[in-house]
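Chemist:
Residue numbers (my numbering), protein chains in the order written: chain U, 9 to 423; chain H, 25 to 54.
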């Protein structure tokens with residue numbers, strides 16, 4: 009009963025520690041990669057946090073969401089990556105924001121091996137992207153600073169360019185053709201982009217499991233907010249994605265676990281590892297042919313402290329819900345968010361209110377309390393499926409003196 | 025569109041079965 013109505017947690021346990029902990033063990037029968045938060049002590053690409061760090065993350069998240077909306081709206085209108093590029097372009101050319109993922113595509117990174125012999129490449133993993141790309145030698149136009157050595161096609165025994173006449177290039181909705189080589193281009197909501205040669209090479213997901221002839225972008229013109237990562241690992245549902253390319257090998261099954269905090273590690277796994285796990289609660293995945301990249305789910309309700317909120321199902325149905333590893337904060341229709349916020353505030357009235365942080369408008373100052381009692385929040389799906397969020401999924405802990413309800417509202421009900 | 029973001033997915037094993045069109049959530053995944 010208690011676990012369904014609330015969580016008692018120490019505020020300090022919601023904050024990342026200064027050292028990395030909780031490593032994930034490899035399972036012998038599963039292709040499993042270690043997954044870490046880009047800004048935590050487990051990350052090889054960690055940078056020192058600035059004072060307004062959390063607000064920056066949330067502001068970036070808003071840009072990311074805006075771009076997702078833009079892509080979906082464009083697809084609904086008949087554009088958005090379904091038609092060939094209208095302009096011929098060389099790798100140095102700016103590309104329209106119609107393909108690729110979005111800014112802040114990954115808060116979580118994994119390290120893979122690319123080429124023969126494999127060279128380590130640290131990539132953001134993103135279920136909202138299809139094309140995988142890395143920065144490539146000789147960086148004919150531009151490369152940003154990255155952690156790993158730049159991938160050098162000349163040093164790989166298995167590297168090959170993809171020709172314009174190939175099916176792979178057709179699947180890509182290529183940007184251009186240059187001397188018979190397929191040119192890919194992905195652009196991002198903030199103007200970040202990667203353009204280069206569409207290529208194939210061996211991709212080692214683990215030291216013992218490689219994908220031969222994996223199709224990826226070998227970036228020659230790369231710029232933007234990618235931190236120190238070498239590129240992006242695309243796990244969307246479209247044809248160029250890793251998931252689709254490995255459909256026969258892993259049966260279109262993959263999974264991940266995002267750790268509780270930035271000082272813990274999670275995993276990204278491929279193959280049928282957990283589908284028979286009796287603790288897994290399943291809900292239907294919905295797909296839209298106009299936006300094949302995205303995975304949609306049918307969220308129909310929310311409960312707080314074990315009580316279902318009075319939100320008409322039509323509120324959720326009107327806009328739909330997609331699940332995305334690259335969006336930080338869950339966005340709800342305004343009516344749903346208002347109901348959640350009201351119920352949450354009612355259960356948190358004993359705590360001192362704190363100022364809003366960016367898009368998070370319901371914050372509290374738990375200073376001096378040590379332990380806080382959070383109302384349980386569950387997401388409801390058809391078939392009586394209830395997913396009870398972890399405490400780390402209910403509040404966003406900015407620092408020891410500010411925890412905020414980790415949800416935000418969309419601008420409109422049909423957004 | 026509503027979006028289920030990564031904060032809410034923390035600690036769950038999130039399983040995608042694309043051919044069967046199922047998404048699974050397992051509490052305490054990591």
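Here a beta-carbon is modelled for each residue, glycine too, at the ideal position from N, C-alpha and C.
Closest by CA to residue 27/H, which one among 332/U, 422/U and 375/U?
Modeler: Against the second chain, residue 27/H aligns to sequence position 3. Per the Cα distances, 332/U.
Chemist: What residues in the region 233–265 of chain U bring their beta carbon closer than 9 Å to a beta carbon of chain H?
Modeler: 243, 245, 251, 252, 255, 259, 260, 261, 262, 263, 264 and 265
Chemist: Is it buried or exposed, residue 253/U, if we count other Cβ atoms within 10 angstroms and call 16 or more buried?
Modeler: Counted from its first residue, the first chain places residue 253/U at position 245. That one is buried.
Chemist: Using only the alpha-carbon positions, how far apart do residue 375/U and residue 409/U sit?
Modeler: Here residue 375/U corresponds to residue number 367 of the first chain, with the count starting at 1. Here residue 409/U corresponds to residue number 401 of the first chain, with the count starting at 1. If you take the alpha carbons of residue 375/U and residue 409/U, they lie about 5 Å apart.
Chemist: Is the number of C-beta pairs between the region 321–329 of chain U and the region 33–50 of chain H that are closer than 8 Å three or more?
Modeler: Not touching, per the Cβ criterion.
Chemist: What does a CB cutoff of less than 6 Å around residue 429/U pick up in its chain, not counting 5 residues either side in sequence?
Modeler: Since the first residue of chain U shown is 9 and the last is 423, residue 429/U is not available in this structure.
Chemist: Among 368/U, 28/U, 75/U and 142/U, which has the Cα closest to the Cα of residue 235/U?
Modeler: Within the first chain, residue 235/U is the residue found at index 227, counting from 1. Minimum Cα distance to residue 235/U is reached at 142/U.
Chemist: Ignoring anything shorter than 3 residues or poking outside the region 143–189 of chain U, list the beta strand (DSSP E) runs there in chain order.
Modeler: 184–186
Chemist: If we ignore side chains and look at the alpha-carbon of each, how far apart do residue 168/U and residue 131/U end up?
Modeler: Residue mapping note: residue 168/U aligns to position 160 of the first chain, counting from 1. Residue mapping note: residue 131/U aligns to position 123 of the first chain, counting from 1. Distance between the alpha carbons of residue 168/U and residue 131/U is about 21 Å.
Chemist: Report the residue ranges of all beta strand (DSSP E) runs contained in full by the region 215–264 of chain U; include only those spanning at least 3 residues, in chain order.
Modeler: Annotation: the region 215–264 of chain U contains the following complete segments of the beta strand (DSSP E) (minimum length 3 residues), in chain order: 217–231 and 239–242.
Chemist: Under a Cβ-count criterion, where at least 16 other Cβ atoms within 10 Å of its own Cβ denotes burial, should residue 26/U be classed as buried or exposed?
Modeler: Working through the first chain from its first residue, we reach residue 26/U at position 18. So residue 26/U counts as exposed.
Chemist: Taking Cβ positions only, does residue 356/U come closer than 9 Å to chain H?
Modeler: Translated into the one-based positions of the first chain, residue 356/U becomes position 348. Not one chain H Cβ lies under 9 Å of residue 356/U.
Chemist: List the whole-angstrom C-beta distance separating residue 303/U from residue 47/H, where the pair is believed to meet the contact cut-off of C-beta under 8 Å.
Modeler: Position 295 of the first chain, counted from the start, is the residue given in the question as residue 303/U. Position 23 of the second chain, counted from the start, is the residue given in the question as residue 47/H. Here residue 303/U really is in contact with residue 47/H; their C-beta atoms are around 7 Å apart, less than 8 Å.
Chemist: Determine which residues of the region 150–181 of chain U have a Cβ less than 9 Å from any Cβ of chain H, and write them out in chain order.
Modeler: none
Chemist: Smallest Cα separation from residue 397/U: which of 390/U, 391/U and 415/U?
Modeler: Along the first chain, read from residue 1 onward, the residue named residue 397/U stands at position 389. Of 390/U, 391/U and 415/U, the residue nearest in Cα terms is 415/U.
Chemist: Applying the criterion that 16 or more other CB atoms from any shown protein chain within 10 Å of the CB defines a buried residue, is residue 24/U buried or exposed?
Modeler: The residue given as residue 24/U occupies position 16 in the first chain. Per the 10 Å Cβ criterion, buried.
Chemist: Where residue 389/U and residue 348/U are concerned, what is the direct C-alpha to C-alpha distance, given to the nearest angstrom?
Modeler: As a first step, residue 389/U must be located in the first chain, where it is residue number 381. As a first step, residue 348/U must be located in the first chain, where it is residue number 340. When rounded, the separation of the alpha-carbon atoms in residue 389/U and residue 348/U is 16 Å.
Chemist: Just confirm the distance between the C-beta atoms of residue 151/U and residue 172/U, as a whole number of angstroms; I'd bet it's less than 8 Å.
Modeler: Numbered from its first residue, the first chain carries residue 151/U at position 143. Numbered from its first residue, the first chain carries residue 172/U at position 164. Not confirmed; about 24 Å, so no contact.
Chemist: Can you tell me the Cα-Cα spacing of residue 342/U and residue 358/U, whole angstroms?
Modeler: The count along the first chain starts at 1 and reaches residue 342/U at position 334. The count along the first chain starts at 1 and reaches residue 358/U at position 350. Computed Cα separation, rounded: 25 Å.
Chemist: By alpha-carbon positions, which one of 295/U, 78/U and 387/U ends up nearest to residue 3/U?
Modeler: Nothing can be reported for residue 3/U, as the shown portion of chain U is limited to 9 through 423.
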